[in-house]
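*Asks:*
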Amino acid sequence: MAADKVEEEEDIGSTSSDSFINDSDNDEPSTSGQDDQTHQEQPLTDEDIEGLIAELLSVESKAAEAQEALEDESLAKVEVEVREELAQSLEGEALENAVAEEMLGLREKWEDELDDLETESSHLLEQLDGAGIELPSLYKWIESQAPNGCRTEAWKNRTHWVGSQVSGVVNESIADAEKYLQTHRPVRR
Numbered sequence: 155m156a157a158d159k160v161e162e163e164e165d166i167g168s169t170s171s172d173s174f175i176n177d178s179d180n181d182e183p184s185t186s187g188q189d190d191q192t193h194q195e196q197p198l199t200d201e202d203i204e205g206l207i208a209e210l211l212s213v214e215s216k217a218a219e220a221q222e223a224l225e226d227e228s229l230a231k232v233e234v235e236v237r238e239e240l241a242q243s244l245e246g247e248a249l250e251n252a253v254a255e256e257m258l259g260l261r262e263k264w265e266d267e268l269d270d271l272e273t274e275s276s277h278l279l280e281q282l283d284g285a286g287i288e289l290p291s292l293y294k295w296i297e298s299q300a301p302n303g304c305r306t307e308a309w310k311n312r313t314h315w316v317g318s319q320v321s322g323v324v325n326e327s328i329a330d331a332e333k334y335l336q337t338h339r340p341v342r343r
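Letter 19 of the sequence shown, counting from 1, is numbered 173 in this note's numbering, and no numbers are missing.
1) Residues in the same chain with beta-carbon distance under 6 Å from Leu210, minus the five sequence neighbours each way, listed in chain order, please.
2) Beta-carbon separation of Leu271 and Val232 under 8 Å?
3) Would you mind stating whether Ala241 and Leu249 have Cβ atoms separated by less than 8 Å?
4) Is the separation between the beta-carbon of Ala132 and that of Leu244 shorter than 8 Å?
5) Over what stretch of residues does the alpha helix (DSSP H) that includes Glu332 continue unbroken?
6) Where does Tyr334 land, buried or exposed, given buried means 16+ other C-beta within 10 angstroms?
7) When burial is assigned at 16 or more other CB atoms within 10 Å of the CB, is Trp264 buried or exposed?
8) Helix, strand or coil: how does DSSP classify Gly246 here?
9) Have a look at Glu239 and Glu256 and give me their C-alpha separation to the nearest angstrom.
10) From what residue to what residue does the alpha helix (DSSP H) around Gly205 run?
11) Determine the extent of the alpha helix (DSSP H) in which Glu297 is found, giving its start and end residues.
12) Can you tell which of Ile287, Glu332, Tyr293, Leu260 has its C-alpha closest to the C-alpha of Pro197?
What follows is the structure, given as structure tokens:
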């Protein structure tokens with residue numbers, strides 16, 4: 155996860171050094187070696203959209219699995235199995251510590267995986283939204299295709315918020331946060 159942050163910071167650093175503003179005094183066109191037409195995104199084909207939807211279904215399925223693994227009932231079952239396995243070689247406080255450590259590691263693993271899947275899902279949704287796909291309708295279609303996989307809390311929250319308009323309070327909060335960041339953490343160029 156730390157490597158992802160480093161890569162993200164490197165990406166931000168590399169893109170922030172690129173300037174789309176021509177600061178030179180001459181009126182000659184930029185010679186970046188790329189034609190302006192290559193900067194325009196090509197619209198997604200139906201095949202591309204179907205691929206994104208299939209990938210979204212796969213990611214959502216894995217996210218549901220990760221969420222199920224994090225539920226108290228699932229964790230309790232795993233803890234019983236871990237305890238039985240470790241009881242063969244440990245006992246007393248050493249056993250309790252080993253079980254606690256194992257369960258903590260397992261929970262962190264599933265939480266990290268769920269975070270990664272949520273991020274991947276949001277990227278796919280952005281691409282689909284950018285392609286003009288109506289996300290609330292997409293979620294309803296997914297629910298009709300896989301009703302058993304659409305019962306998790308995260309799924310319910312996502313379907314509730316997808317396509318919702320942001321309230322004025324949220325917009326005001328975002329504006330206040332941006333002002334704060336401009337004042338206390340200005341971007342250095």
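Backbone N, C-alpha and C fix where the C-beta goes; we use that ideal spot for every residue, glycine too.
*Replies:* In short:
1) Leu278
2) no
3) yes
4) There is no way to answer for residue 132, as the model of the chain reaches only from 155 to 343.
5) 322-338
6) exposed
7) buried
8) helix
9) 11 Å
10) 200-224
11) 289-299
12) Ile287
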